[in-house]
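Residue numbers (the working numbering), protein chains in the order written: chain F, 1 to 196; chain R, 197 to 392. Cβ atoms here follow ideal geometry from the backbone N, Cα and C, with glycine treated the same way.
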DNA sequence: CTACACTTGTGAAGAATTTCACAAGCCCTC
DNA sequence: GAGGGCTTGTGAAATTCTTCACAAGTGTAG
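Okay, here's the thing in structure tokens:
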């Protein structure tokens, strides 16, 4: 989050940012900002604030964003297809190198400079290209089975859009985006907003 | 999360679930489960566990899910269009009643039983149908302006897919889904996994 | 009806996180 | 180069969250 705002500030030409300024942008407190950043090192200059570009570089290095990450998308349904063309990924250094599906009707359909590939090709492709990250956009009832396959193939980080809780071994990182659950959180907020 | 798993258990025909069982499913601890649930009331039976169906009903009421929520989707790009057809929403009681865009090339295009509508129609539609929830899937640089418009129209809860931090007044709930940021979290995990 | 095996609900203890508050440091001005 | 206005980095305090541990129920079996 800090990185995002710092890039905004850099784009606007600011050379330094105080913890106060960052806190206002991020909706936290100055003390929180300072504690968070100090966890990774001492990046600020007293009296001045944090040097924007320098801090950006540090954060990008900490996050491991100084390289491009190849990513595969598994599932070429509506969501998978939308993600495959999502510019936000490439902008942030994530290069979608392949889209996979098991539906013969979808396999072979053109995508990017190539075409949608059969899920059977996932393992060899992943190994050949050293891909470590996958985005999962398959129906919930196949999700676990597909994850197992992906991990077998060498995937070590997964962003899961399927509305299913997945089990992965400890060396694999997993993040889930559950849109319906987010909506339910909003419904809760709405039903309780009137009586605070 | 508890609701999700309880529904699974109900579908499998289980009548009761212990905090231990729920904890295993959710990846937390029995004590956590009990504390969480006890915040809203005393739902369990000592010696037995929690009555599954009864707890489901309670949670649905707490979350405000006993009604269907009408939802509008703003932005008919790739992501917006995918969300408009996303079955997961309807399954969970969120009925997409309209899709809006400001691009004349998209406005009028068929969608569902109707068609994509002009953003100018948002305010009257929202008021007429009493819609309180919106999903935002527009480019980041228009997001704030569109949110302001939506709030003006009467929207009080927003699920934001645009990679932008939005400012909303206190009576409006906002949740953001930032896919690139999730990927960056995974990149961090990957770069630090090897040296624990 | 009693003994027993379970499981909840919850104060209290423990751990983690956030906030406070201030010494130390930096820059600018005079 | 001394003084003053800012701002960081960080121990300590305050707060919040999680875990522990056990009394109090509940159902079952004999």
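Anything in chain R within Cβ reach of residue i, meaning under 8 Å, just list it in chain order.
i	result
residue 7 of chain F	Per Cβ cutoff of 8 Å: no residues; residue 7 of chain F is ~11 Å from chain R at best.
residue 78 of chain F	277, 278, 281 and 282
residue 43 of chain F	Under the 8 Å cutoff, chain R gives no residues; its nearest Cβ is about 17 Å from residue 43 of chain F.
Which residues does DSSP pair with residue i in a beta bridge?
i	result
residue 114 of chain F	F:111
residue 296 of chain R	R:270 and R:313
residue 212 of chain R	R:247
residue 131 of chain F	Its beta-bridge partners do not exist; DSSP assigns none.
residue 356 of chain R	R:332 and R:372
residue 94 of chain F	F:69
With a threshold of 6 Å on Cβ separation, who are the neighbours of residue i within its own chain once the five nearest residues in sequence on each side are excluded?
i	result
residue 298 of chain R	315
residue 108 of chain F	115
residue 196 of chain F	Because the pLDDT at residue 196 of chain F is just 44, under 50, the model does not fix this residue reliably, and the point stays unresolved.
residue 3 of chain F	59
residue 215 of chain R	226, 229 and 230
residue 250 of chain R	none
residue 277 of chain R	none
residue 66 of chain F	60
residue 44 of chain F	50
residue 94 of chain F	69 and 71
residue 238 of chain F	Nothing can be reported for residue 238 of chain F, as the shown portion of chain F is limited to 1 through 196.
Taking residue i as the query, report the chain R residues whose CB atoms sit under 7 Å from its CB, ordered along the chain.
i	result
residue 65 of chain F	380 and 383
residue 163 of chain F	284
residue 109 of chain F	Simply none; closest approach about 15 Å.
residue 34 of chain F	Those do not exist, as residue 34 of chain F stays about 20 Å from chain R at its closest Cβ, beyond 7 Å.
Do residue j and residue i count as a contact pair if the criterion is CB distance below 8 Å?
i	j	result
residue 78 of chain F	residue 282 of chain R	yes
residue 334 of chain R	residue 352 of chain R	no
residue 379 of chain R	residue 177 of chain F	no
residue 69 of chain F	residue 133 of chain F	yes
residue 360 of chain R	residue 340 of chain R	yes
residue 384 of chain R	residue 63 of chain F	yes
residue 327 of chain R	residue 293 of chain R	yes
residue 76 of chain F	residue 106 of chain F	yes
What does residue i reach in chain F if we use C-beta pairs closer than 7 Å?
i	result
residue 226 of chain R	Residues of chain F passing the Cβ test: none, with the nearest at roughly 18 Å.
residue 242 of chain R	Under the 7 Å cutoff, chain F gives no residues; its nearest Cβ is about 28 Å from residue 242 of chain R.
Using the beta-carbon of each residue, which ones in chain F are nearer than 9 Å to residue i?
i	result
residue 386 of chain R	64, 69, 132, 133, 156, 157 and 173
residue 323 of chain R	The premise fails here: residue 323 of chain R is roughly 17 Å from chain F at the closest Cβ pair, so nothing lies under 9 Å.
Just to make sure I have the definition right: I need the residues of chain F whose C-beta is within less than 8 Å of the C-beta of residue i. Which are they?
i	result
residue 312 of chain R	Within 8 Å Cβ-Cβ: nothing; residue 312 of chain R doesn't reach chain F, min ~15 Å.
residue 389 of chain R	156, 171 and 173
residue 291 of chain R	None at all; the shortest Cβ gap to chain F is about 11 Å.
Using a cut-off of 9 Å between C-beta atoms, extract the partners of residue i located in chain R.
i	result
residue 89 of chain F	375, 376 and 379
residue 12 of chain F	What residue 12 of chain F touches in chain R: nothing, since even the nearest Cβ is about 14 Å away.
Quick one: residues in its chain with C-beta nearer than 8 Å to the C-beta of residue i, no 5 flanking neighbours on either side, listed in chain order?
i	result
residue 168 of chain F	147, 151, 158 and 174
residue 222 of chain R	197, 198, 201 and 229
residue 248 of chain R	202, 205, 206, 210, 211, 212 and 213
residue 149 of chain F	119, 122 and 123
residue 41 of chain F	58
Can you name, in chain order, every residue of its own chain whose Cβ lies under 7 Å from the Cβ of residue i, other than the five neighbours on each side?
i	result
residue 153 of chain R	In the structure displayed, chain R extends from 197 to 392; residue 153 of chain R sits before or after that span and is not available.
residue 322 of chain R	268, 349, 350 and 351
residue 22 of chain F	2, 5 and 33
residue 244 of chain R	212
residue 381 of chain R	none
residue 140 of chain F	162, 163 and 164
residue 111 of chain F	84 and 99
>> Please give the ranges of any alpha helix (DSSP H) in the region 224 to 265 of chain R, keeping only runs that are unbroken, at least 4 residues long and fully inside the region.
In response: 226 to 234 and 248 to 259
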